[in-house]
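Down below is the structure, laid out as structure tokens.
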Amino acid sequence: MKEGPIVTVLHDGTRPDAQLMRPVRERAEVRYTAADGFAEALRGADALFVYDFQTTALPGAWPAADRLSWLHVGATGVDTVLFDELVASDVTVTNTRGVFDTPIAEYVLAQILSFAKDLPESQRLQRDHRWCHRESERIAGASVLIVGTGSIGRAIARLLRAVGMRVRGLGRRPRTDDPDFGTVGTDLHAELPDADYVVAVTPLTAHTRNMFDARAFTAFKPHARFINVGRGESVVTDDLVAALRAGALAGAALDVVDPEPLPPGHALWDLPNVHLTPHNSGDFVGWRREIVAAFADNFRKWIDGRPLDNVVDKRLGYVPA
Ligand SMILES: O=CC(=O)O
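If you use UniProt numbering, the sequence shown corresponds to residues 1 to 321, in order.
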């Protein structure tokens, strides 16, 4: 057996790229495991790489984590991984902040353009061989409220500013001189009535769970569109469905939903002006490799005793800016 620490890698059946894991293998014993057999693989491990970020296996295996000092999540959101015992423990948690920033910003811009230029309707008309002249909306000058001012929210703000949209942020600390958002407010219900587009990019925490409920949707402009690239649980889905049906807002682009996956027959599938994607707004070709490369970079820091990147504040549930 190799000298040095033990690193357990929890995967969903597909292991991380072996070449990218080489720097880890060279300096540690690496144990790969799927959920089955996870507890045995966790016993005696010094570090855990959660490559399958949607795992539910962690709390059950936790009693076996007798040496763990570091847990790295191969995702931005850590909600699926955090639980009370982990929060209370001395285990340092890090995430993969950064990898998804630009891809998700591109996705948000694509959805805004799709609404403004009514591209889904053009495709429907084309399928029917109908030449039907229509006018479209401009996005330059339209206002956007970005709810969540972390690194993905910032990338969205920069991209939308670049195409001439008027951007504001909503976060925990009010300010008027933010380099990307300009103004950041803290009162969702006060900000919503001014927004043509509302983009939710929040981590899932006690504070954000169900924040978009019937009361919030009442504050939307009737022509506003809602885009969710954060977590489905920040929205009360039934309230969104009711608000869309009542015309309280004009459309929604949802990359995340609650429940997820969206069950067959759910009302959201067939609502007009709803764009659904299967939680893949950030998943550009090559994203898995970047996740592994980010872990290997942090591993080098960990093994050399240097400060880690992207340390999650476990009580907040995200990496503070
Ligand atoms: O949803 C995906 C992530 O949190 O990285």
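Backbone N, C-alpha and C fix where the C-beta goes; we use that ideal spot for every residue, glycine too.
Bear in mind the structure is a predicted one, so any value in this text is a computation, not a measurement.
Query, Result
"Verify the contact flag: Thr76, CB atom, against every heavy atom of ligand 1, threshold strictly below 7 Å.", "yes"
"Output the distance between the C-alpha atoms of Leu20 and Leu254, rounded to the nearest integer angstrom.", "33 Å"
"Could you check what DSSP says for Thr102 in three-state terms: helix, strand or coil?", "helix"
"Can you have a look at Val235 and say buried or exposed, based on whether 16 or more other CB atoms are within 10 angstroms of its CB?", "buried"
"In angstroms with no decimal places, state the Cα-to-Cα distance between Met1 and Glu29.", "For Met1, the pLDDT reaches just 47, beneath the cut-off of 50, and the residue's location in the model is therefore unreliable, although a value from the coordinates is still provided. When rounded, the distance between both Cα atoms is 8 Å."
"Quick one: is the Cβ of Phe53 within less than 7 Å of any heavy atom of ligand 1?", "yes"
"Any idea if Phe83 is buried or exposed, counting beta-carbon neighbours within 10 angstroms, 16 or more meaning buried?", "exposed"
"With three or more beta-carbon pairs closer than 8 Å as the criterion, would you say the segment 289-303 touches the segment 260-273?", "no"
"Can you look up Ile146 in the DSSP assignment and give me helix, strand or coil?", "strand"
"Classify Arg161 as helix, strand or coil using the three-state DSSP reduction.", "helix"
"If you draw a straight line from the alpha carbon of Tyr32 to that of Pro23, how long is it in whole angstroms?", "15 Å"
"Would you mind giving the Cβ-Cβ distance between Thr183 and Arg168, rounded to the nearest angstrom? I have them listed as a contact below 8 Å.", "5 Å"
"Nearest-angstrom Cα distance between Gln54 and Glu260?", "11 Å"
"I need the straight-line Cα distance from Glu137 to Gly98, nearest angstrom please.", "32 Å"
"Identify, in the order they occur along the chain, each residue of the same chain with its Cβ nearer than 6 Å to the Cβ of Gly171, setting aside the five sequence neighbours on each side.", "Thr149 and Val184"
"Does ligand 1 have a heavy atom nearer than 7 Å to the CB of His279?", "yes"
"Helix or strand or just coil, what does DSSP make of Gly286?", "coil"
"Just the C-alpha distance for Arg166 and Arg225, rounded to the nearest angstrom, thanks.", "15 Å"
"Leaving out five residues on either side along the sequence, give the residues of the same chain with a beta carbon under 8 Å from the beta carbon of Thr80.", "Phe53, Gln54, Thr55 and Thr56"
"Are the beta-carbon atoms belonging to Ala195 and Ser143 less than 8 Å from one another?", "yes"
"Once you ignore the five residues that flank Ala41 on each side, which residues in its own chain have a CB closer than 7 Å to its CB?", "Thr8, Arg31 and Thr33"
"If I follow the unbroken beta strand (DSSP E) through Ala47, where does it start and stop?", "Ala47 to Val50"
"Check this for me: beta carbons of Val93 and Lys314, under 8 Å apart or not?", "yes"
"Where does the unbroken alpha helix (DSSP H) through Ala252 begin, and where does it stop?", "Segment Gly251 to Leu254 is the beta strand (DSSP E) holding Ala252; no alpha helix (DSSP H) there."
"Report the rounded CA-to-CA distance for Leu240 versus Val229, giving the unit in angstroms.", "15 Å"
"Answer yes or no: the CB of Gly282 versus the heavy atoms of ligand 1, is any distance below 7 Å?", "yes"
"State the Cα-Cα distance for the pair residue 325 and Asn280, rounded to the nearest angstrom.", "The structure shown does not extend to residue 325, since the chain spans only 1 to 321, so no value can be given for it."
"Can you tell me which residues form a DSSP beta bridge with Arg22?", "Per DSSP, none; premise fails for Arg22."
"Who are the Cβ neighbours of Trp287 in its own chain at under 7 Å, not counting the five residues just before and after it?", "Val99"
"Just checking, does the segment 100-108 make contact with the segment 152-160 on the three C-beta pairs under 8 Å criterion?", "yes"
"Could you tell me which residues DSSP puts in a beta bridge with Thr94?", "His72 and Val311"
"Classify His189 as buried or exposed, calling it buried when 16 or more other Cβ atoms lie within 10 Å of its own Cβ.", "exposed"
"Identify whether Phe212 lies in helix, strand or coil by the three-state DSSP scheme.", "strand"
"Let's see if you can read the secondary structure: which residues bound the alpha helix (DSSP H) around Leu82?", "No alpha helix (DSSP H) contains Leu82, which DSSP labels as neither H nor E."
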